[in-house]
Amino acid sequence: MLDFEQSSLDELVQPAVLVTIICETVLKDSVVGLLKNLKVKSYTVAEVEGKGRFELRVEASHDRELATEISRAIEVETATEVETATNVETAIEVETQVEIRTLVSKDLSNVILHALKEQQKTFAIIAYRQTVEALAND
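So this is what it looks like as structure tokens:
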């Protein structure tokens, strides 16, 4: 087994934030464009399999017909429909996703997550961040 001193290992790593984004494939170019606009130097994109539910919210000023039309337009089965006083919710099955990962600063992760929150109103997105130690760039 290799024997390293902790102090030498600490010199090899630096703190970073790993941002992981799992979203519909249709958002891939948009998310990659966001990262490029933010001057993110590197990221990975991978196709992933999975299944989940995405709640589409349509304001009450629109009607159930609009929610049904949207469901048909994206050619998915409507799992459930729930009407409330303020909105119509249509559960949509989402099966085609990509996973995008990048290592950034905490401040940049805040910007990325804030931008994705806006997209989450319309698209299925899971995004999270983790504090990690990454190999330091020489």
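The opening residue of the sequence shown carries number 1 in our numbering; numbering runs sequentially from there. Ideal placement from N, C-alpha and C gives every residue a C-beta, glycine not left out.
Opposing strand residues paired with residue i [DSSP bridges]
i: ALA139; result: Nothing about residue 139 can be reported from this structure: the residues present for the chain run from 1 to 138 only.
i: VAL146; result: Lying outside 1 to 138, the shown extent of the chain, residue 146 is not represented and no answer is given.
i: GLU133; result: PRO15
i: THR96; result: GLU49
Residue closest to residue i, alpha-carbon to alpha-carbon, out of the options
i: SER109; options: LEU12, LEU18, VAL13 and SER8; result: LEU18
i: ARG129; options: THR102, GLU118, ASN137 and LYS36; result: THR102
i: LYS51; options: VAL98, ASP107, LYS121 and LEU113; result: VAL98
i: LEU38; options: LYS117, GLU118, ASP10 and VAL111; result: VAL111
i: SER42; options: ILE126, THR20 and LYS117; result: THR20
i: LYS36; options: GLU24, THR25, VAL26 and ILE100; result: ILE100
Enclosing alpha helix (DSSP H) for residue i [first to last residue]
i: ALA115; result: 106 to 119
Three-way DSSP call (helix, strand, coil) for residue i in this model
i: SER45; result: The sequence given here places Val at residue 45; Ser does not occur at that position. Three-state result, VAL45: strand.
i: LEU103; result: strand
i: LEU9; result: helix
i: LYS36; result: helix
Cα-Cα separation between residue i and residue j, rounded to whole angstroms
i: THR131; j: PHE123; result: 26 Å
i: GLU133; j: SER8; result: 14 Å
i: SER105; j: GLU49; result: 28 Å
i: LYS121; j: ALA115; result: 11 Å
i: LEU135; j: THR96; result: 32 Å
i: ALA16; j: LYS117; result: 21 Å
i: GLU11; j: GLU47; result: 34 Å
i: VAL45; j: GLN14; result: 23 Å
i: LEU113; j: ASP29; result: 16 Å
i: ALA127; j: ILE22; result: 6 Å
i: VAL32; j: GLN119; result: 14 Å
i: ILE70; j: VAL40; result: For ILE70, the predicted model reports a pLDDT of 49, less than 50, meaning its position is unreliable; a value from the coordinates is still stated below. Their Cα atoms are separated by approximately 34 Å.
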